[in-house]
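My numbering puts the first residue of the sequence shown at 719, with every later residue one more than the last. For glycine and all other residues, C-beta sits at the position ideal for the given N, C-alpha and C.
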Amino acid sequence: MLKAVSRFRSTMGRCWYGSSGTRGKESSSGSELETATWGGSPSREATLYVHWPYCLRRCSYCNFNKYIPRGVSQTAMRACLERETETLLQLSQVSRITSVFFGGGTPSLAPPSTIAAVLETAARHTHLEGGAEVTLEVNPTPVGASTLRDFRLAGVNRFSIGVQSLHDEDLKVLGRDHSSEDAMRTLAEAQCLCPGRVSVDVIFGRPGQTVESWEMELEELLSVCDDHVSLYQLTLERGTHLFKQVQIGLLSTPGDGIMAQMYDSARRILGKQGFLQYEVSNFARQGAVSSHNINYWKGGQYLGVGPGAHGRFIPRQEGGVLREARIQTLEPDVWMKEVQHWGHGTRRKVSLSHLELLEEVLMMGLRLTEGVSHEHWRQFSPDADFQQVLGGSTEVQELQERGLLVLDDRGLRCSWEGLAVLDSLLPPLLLQLQMHSCQQGALG
Ligand SMILES: C[S@@+](CC[C@H](N)C(=O)[O-])C[C@H]1O[C@@H](n2cnc3c(N)ncnc32)[C@H](O)[C@@H]1O
Ligand code: SF4
């Protein structure tokens, strides 16, 4: 059976790309001048991701970069977020920020004045349009949270609420610190403040869950939610409490076949309720898509500020012409010291080769239901269209014949069935891309 696609974390654009600094040095043409034209836009635009690394407690399934705070200096944290934003804006020479996303951790635990300060910093150094999408991830916990109204006043205009489940017993298993009622209250408050701009996160494939109970739960959620839903298939992450519980047989999660059924029925239910799927895990009504996340899937530039944040941008101030993949130092106290000393806490950076950039464009773009258009591909690959790159592969042809992949005058995309097994479609596509790149290198 084909492996189901990973329906998790795709929205964050946080997955680290490339493990060695040497991979980034190769270039298909060797021309740095040409490199400056890759990347689609003239690249003075970017989105901004800000990571708030603290949570009140650890959910049993989560291995994100998060810490339980012990005596955090809010003043120092705020100053560091402002300083790193300033540094990365200067380094990238970005002149326009098109959206901002405060993720975590639990950014709804941050003082609203910190959120406002970061936005003001971005606005001081670049053009940040009044209507630019500014999202805040919100935990519906009743403890320690500022009111959503304060965040709204600080400049947030979109909320993403971590509902996860409507069943209180499941919320306990997941280690969440809120009830389903708390989530409903938060959702209603968010909808009053930002009608049409509230998203809910929900996890399926939870221990003991059946397809029928999932379908009923989703129907119930759709009857109260706003116009955006992100569906996450539970991933058992090594090192988490849940992983251990499953390993020792205390709990069990649904098998691959059931997970695939859950995904399939969710897509159908969402469709019936008017939600269009625009990405593997994301569904929107009334066009309420997340423009911030679309930028990741379309291979746009982004700056990542805060402990463990990821970024992709050209460091123009240093004379750079290649896009870099960057990750900031994970541990908040160490990150803060680095920012105080250097102005930023970048722990690792790798220049992406042309091939690596194309790999990202393909991997991210195929997560979108619209796939990668010819025009979009040409912006990154002016010398070789899809036919030239993929035409020689019998494996890719086979995927088309099996109805999983479509290559037509619109571009390259997954079919309905293909999107559900995207992870298994990518290896032959990436292999063919690499072979094409090697051939071009040999010819050049
Ligand atoms: C890391 S959280 C940050 C937002 C916020 N702290 C929250 O929990 O709602 C972002 C999303 O990732 C989901 N997530 C984290 N670990 C996951 C896992 N192992 N499997 C599926 N979803 C996961 C969370 O449930 C949440 O909806
Ligand atoms: S609140 Fe969110 S980030 Fe924090 S542990 Fe739970 S899922 Fe992870």
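Along the region 999-1071, the beta strand (DSSP E) occurs as fully enclosed runs of 3 or more residues at 1000-1002, 1020-1023, 1028-1031, 1042-1046, 1064-1069, listed in sequence order.
Excluding five sequence positions before and after H1092, the CB atoms of its chain that fall closer than 8 angstroms to its own CB belong to D1103, F1104, D1127, R1128, G1129, given in chain order.
Short note on D919: C-beta closer than 6 angstroms to some heavy atom of ligand 1. Linking M980 to V929 through their CA atoms gives a straight-line distance of about 6 angstroms.
Between G893 and L960, the alpha-carbon positions lie close to 9 angstroms from each other. Between P830 and G1121, the alpha-carbon positions lie close to 49 angstroms from each other. Within the region 1097-1150, the complete alpha helix (DSSP H) segments at least 4 residues long are 1104-1108, 1112-1119, 1134-1138, listed from N- to C-terminus.
According to the DSSP assignment, F922 belongs to the beta strand (DSSP E) that extends over 916-922. A contact is defined here as three or more CB-CB pairs under 8 angstroms, and the region 829-849 meets this definition with respect to the region 808-815. Of G849, G1109, M1054, the smallest CA-CA separation from L1147 is found for G1109. Counting the other Cβ atoms within 10 Å of the Cβ of I966 gives fewer than 16, which makes it exposed.
In this structure, T765 is the residue among R1096, G1024, T765 with its C-alpha nearest to the C-alpha of T816. Residue pairing by DSSP places L846 opposite I815 in a beta bridge. Remark: the C-beta of N857 is in contact range of ligand 2, defined as less than 6 angstroms to any heavy atom. Beta-bridge analysis with DSSP links W770 to G822.
Taking C-beta atoms under 8 angstroms as the contact rule, S941 and S878 fail to qualify, at a distance of about 19 angstroms.
For V856, the closest of E847, A850, D895 by C-alpha to C-alpha distance is D895. Relative to ligand 1, the beta carbon of Y950 is positioned inside 6 angstroms of a heavy atom. Our two residues, V1057 and R801, have alpha carbons roughly 7 angstroms apart in a direct line. In this structure, L1086 sits near W1015, with a CB-CB distance shorter than 7 angstroms. For F782, the closest C-alpha among the options A1027, A872, V920, S1099 is that of A1027. When rounded, the separation of the alpha-carbon atoms in S1009 and R1041 is 21 angstroms. Around the CB of Q882, 16 or more other CB atoms lie within 10 Å, so the residue is classed as buried.
Bounds of any alpha helix (DSSP H) do not take in Q995; it lies within the beta strand (DSSP E) bounded by 994-997. For A872 against I833, the beta-carbon gap comes to about 4 angstroms, under 8 angstroms, which counts as contact.
Note on A1006: 16 or more other CB atoms within 10 angstroms of its CB, so buried under the neighbour-count rule.
Here DSSP, grouped into helix, strand and coil, assigns S931 to helix.
Closest in C-alpha terms to Q909, from the list P925, G973, D945, comes D945.
Non-local beta-carbon contacts of L889 in its own chain, meaning distances under 6 angstroms to residues more than five positions away in sequence, involve S883 in chain order. Distance between Q1106 and S999, taken at the CA atoms: about 30 angstroms. In the DSSP annotation of this structure, Q991 is not part of any alpha helix (DSSP H), being labelled neither H nor E.
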